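Visitor:
There are 4 protein chains.
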Amino acid sequence: MISLNYRDSRPIYEQVKDGLRRLIVSGALRPDEKLPSVRALATQLAINPNTIQRAYLELESEGYIYSVAGRGSFVEERTAADKARRAQLSEQFRALAQELTALGATRESLIALLPPAGDAGDDKKEETT
Amino acid sequence: MISLNYRDSRPIYEQVKDGLRRLIVSGALRPDEKLPSVRALATQLAINPNTIQRAYLELESEGYIYSVAGRGSFVEERTAADKARRAQLSEQFRALAQELTALGATRESLIALLPPAGDAGDDKKEETT
Amino acid sequence: MISLNYRDSRPIYEQVKDGLRRLIVSGALRPDEKLPSVRALATQLAINPNTIQRAYLELESEGYIYSVAGRGSFVEERTAADKARRAQLSEQFRALAQELTALGATRESLIALLPPAGDAGDDKKEETT
Amino acid sequence: MISLNYRDSRPIYEQVKDGLRRLIVSGALRPDEKLPSVRALATQLAINPNTIQRAYLELESEGYIYSVAGRGSFVEERTAADKARRAQLSEQFRALAQELTALGATRESLIALLPPAGDAGDDKKEETT
DNA sequence: GTGGTCTAGACCACG
DNA sequence: GTGGTCTAGACCACA
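Protein chains in written order, with this note's numbering: chain A, 1 to 129; chain B, 1001 to 1129; chain C, 2001 to 2129; chain D, 3001 to 3129.
(1) If you follow the beta strand (DSSP E) that Y2066/C is in, where does it begin and where does it stop?
(2) Whose Cβ in chain A lies nearer than 9 Å to the Cβ of R1086/B?
(3) Would you tell me roughly how many angstroms separate the C-alpha atoms of A2117/C and A3095/D, rounded to the nearest one?
(4) Kindly list, in the order they appear in chain A, the residues whose Cβ is closer than 7 Å to that of R1094/B.
(5) When burial is assigned at 16 or more other CB atoms within 10 Å of the CB, is E14/A buried or exposed?
(6) So which residues of chain A does Y2064/C contact, with C-beta pairs closer than 9 Å?
(7) Chain D beta carbons: is any one of them nearer than 8 Å to that of K1125/B?
(8) Establish whether the CB of D2082/C and some CB of chain D are separated by less than 8 Å.
(9) I'd like to check one pair, V3075/D with R3030/D: are the Cβ atoms closer than 8 Å?
(10) If you count every other CB in all the chains shown that lies within 10 Å of the CB of A2081/C, and 16 or more means buried, which is it?
(11) Pick helix, strand or coil for S1090/B, following the three-state DSSP scheme.
(12) L110/A CB to nearest chain B CB: under 8 Å?
(13) Is there a C-beta anywhere in chain B that falls below 8 Å from the one on V3075/D?
(14) Report the partner residues of K1034/B according to the DSSP bridge assignment.
(15) Apart from the five residues on each side of it in sequence, which residues of its chain come closer than 6 Å, Cβ to Cβ, to E77/A?
(16) By the criterion of Cβ-Cβ separation under 9 Å, what are the contact partners of V3016/D in chain B?
(17) Who are the near neighbours of A2097/C in its chain, counting only those whose CB is closer than 7 Å to its CB and skipping five residues on each side?
(18) So, with DSSP's three-state summary, where would you put R3142/D?
(19) Indicate whether at least one CB of chain A lies closer than 8 Å to the CB of R2022/C.
(20) Please classify G19/A: does DSSP put it in a helix, a strand, or coil?
(21) Distance, Cα to Cα, S1061/B vs A1055/B?
(22) Measure from the C-beta of V3025/D to each C-beta in chain B and report whether the shortest distance is under 8 Å.
(23) For P2011/C, which three-state DSSP category applies?
(24) Where does G1104/B land, buried or exposed, given buried means 16+ other C-beta within 10 angstroms?
(25) What would DSSP say about N2050/C, mapped onto helix, strand or coil?
(26) Quick check on this structure: which residue in E2091/C, V2038/C, A2028/C, A2042/C has the alpha carbon closest to the alpha carbon of L2004/C?
(27) For chain B, check one thing: does any of its Cβ atoms lie closer than 8 Å to the Cβ of V3068/D?
(28) Reducing DSSP to helix, strand and coil, say where I2/A ends up.
(29) Take L2035/C and list the residues in its own chain whose beta-carbon comes closer than 8 Å to its own, dropping the five residues that flank it on each side.
(30) Measuring CB to CB, does R2086/C end up less than 8 Å from L3114/D?
(31) Which residue's Cα is closest to the Cα of G2063/C: D2008/C, K2017/C, A2112/C?
(32) Answer yes or no: does any C-beta atom of chain A fall closer than 8 Å to that of S1009/B?
Here it is in structure tokens:
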């Protein structure tokens, strides 16, 4: 489900966050679906529950999931979180494209790196905002 | 010449590295041109010389500059470093584009974020990756 | 009658409490009227009877209802409970207004948030919600 | 500076957050002013550094402060965070006023609880958005 | 010395 | 059993 890379400089809780976010955004985890419990995921990944807890906490504050004490954590309806993240990633994208261009990459070479049109989502039809 | 942002979460030495790399890549600093001395730059930016030292060391190990004991640091010819960095950034770019697409961004919206053609601006015409 | 929101961070028993209190305060449930039995309400809301039990117990200790062993729970005359709660909420209200003012909200903007006059509703002529 | 109440049901890190937020919003701590270090505040309040750390972390993610590893934490310029919090508090305020009204409070009695006009800020002049 | 991350283990409220 | 909070103590990168 989620793969950790201990040699990666990124903190573990962020790798967990990214992994879960990917599952959510891609539709592999559907709204209101239950996530694995903090302890269960900690055991599965062989890391401390606090680390998972932190990942869940941040995903919640970012609007990707919601947690109910005593019941578990669940996937949130996708709304504002997506917009916020898209804005964030778009800025990264723009900056990256600019730097690559400064390094001599042509506009065409960048376009060639984009995913082909018409394969948007995974198993859901995505709208184009 | 180089602007530091103390609020940025990126460490200072990396901001220095990025600043210098930008100057080199953009051609503002030309091959074999002498960089400011560690102490001079430290004074100018009002930061610790250790921080500048680290930036220089890493730039050297990445192939952007070379140092001559007792004389200073100089801009390296641009060769392998560029290719390595472009490959790295291209992969980031590809991953970012994929994620944005999964989030519903259209191919057209991404293309719109690319820098306009015809401003590549270097000192050679470089071919695509 | 009572709506539960499982995403709400507030525990279920509190949502039940609030729902019942609202019904009582608004007059929808009249003094000495019988409340649904713990088990009945639990079934209706599809939650654990313990949760309802706890809500009833706390409402009783707060003076909103009274229980008669073997017969059920009933709505208390509204007296001390109201006063206590109003005092509590008033303090919250005062603190909130102060903080909003500190954040730059004008007195007028706060007044604009108050319910319109003329629907106050006391303990005499109350219509249901 | 900050007072903790262990009998309060609110978690300690939230009490710390509120205390600091109050100091920031009131202007007692000015933009770019340095906050006490995590360890220093932990010692002063006689609680675990992790608890302070969490408070700082959340204040940062809410836009009240920014942290620089190795240098400390500082008060952020006040912008979006204020707007978000005011919107949040305004909703609370509206709901509270409604409930008090349902409990029989008159519009006039609520207005009487508002801070007198013309004493807005602390030592800064606050604008009325 | 500073913030940031992680672990280990504990206790609590909730359902 | 679940999430939430807190403690104690450790190690790291950074300046």
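Beta carbons are placed, not taken as given, at the ideal position from N, Cα and C, and that holds for glycine. From a predicted model like this one, the values you see are computed outputs, not experimental measurements.
Guide: The short version:
(1) First-last of the beta strand (DSSP E) with Y2066/C: 2065-2068.
(2) Within chain A, the residues near R1086/B are L100, L103, G104, A105.
(3) Going by C-alpha positions, A2117/C is about 15 Å away from A3095/D.
(4) In chain order: L113.
(5) Classification of E14/A: exposed, given that the 10 Å Cβ count is below 16.
(6) Within chain A, no C-beta atom comes less than 9 Å from the C-beta of Y2064/C; the nearest is roughly 25 Å away.
(7) For K1125/B, the predicted structure reports a pLDDT of 47, less than 50, and the residue's modelled location is therefore unreliable. A value from the coordinates is still provided. No, no contact with chain D.
(8) So yes, D2082/C belongs to the interface.
(9) In this structure, R3030/D lies near V3075/D, with their beta-carbon atoms less than 8 Å apart.
(10) A2081/C is buried by the Cβ-count criterion.
(11) Looking at S1090/B - three-state DSSP - the assignment turns out to be helix.
(12) Put simply, the CB of L110/A is near chain B, with a gap under 8 Å to one of its CB atoms.
(13) Not closer than 8 Å to any Cβ of chain B, the Cβ of V3075/D fails to qualify, so no.
(14) Bridge partners of K1034/B: F1074/B.
(15) Sequence-distant partners of E77/A (beyond 5 residues in either direction) whose C-beta falls short of 6 Å from its own C-beta, in its chain, are P31.
(16) What V3016/D touches in chain B: nothing, since even the nearest Cβ is about 22 Å away.
(17) Within the same chain, L2110 come within 7 Å of A2097/C by CB-CB distance, once the 5 residues on both sides are set aside.
(18) With chain D represented from 3001 up to 3129, any question about residue 3142/D goes unanswered, as that position is not in the structure.
(19) Output row for R2022/C: interface = no.
(20) In this structure, G19/A counts as helix in the three-state DSSP scheme.
(21) Cα-Cα distance, rounded: 10 Å.
(22) Not one chain B Cβ lies under 8 Å of V3025/D.
(23) DSSP places P2011/C in coil when its eight states are reduced to three.
(24) Result: buried.
(25) Look at N2050/C here: in three-state DSSP terms it is helix.
(26) Ranking E2091/C, V2038/C, A2028/C, A2042/C by Cα distance to L2004/C puts A2042/C first.
(27) So, interface residue.
(28) Coil, per DSSP.
(29) If we look at L2035/C and ignore the five residues flanking it on each side, its Cβ neighbours are L2020, L2029, L2041, Y2056, I2065, G2072, S2073, F2074, V2075.
(30) No.
(31) Ranking the options by Cα distance to G2063/C, first place goes to K2017/C.
(32) False, the Cβ-Cβ gap to chain A never drops below 8 Å.
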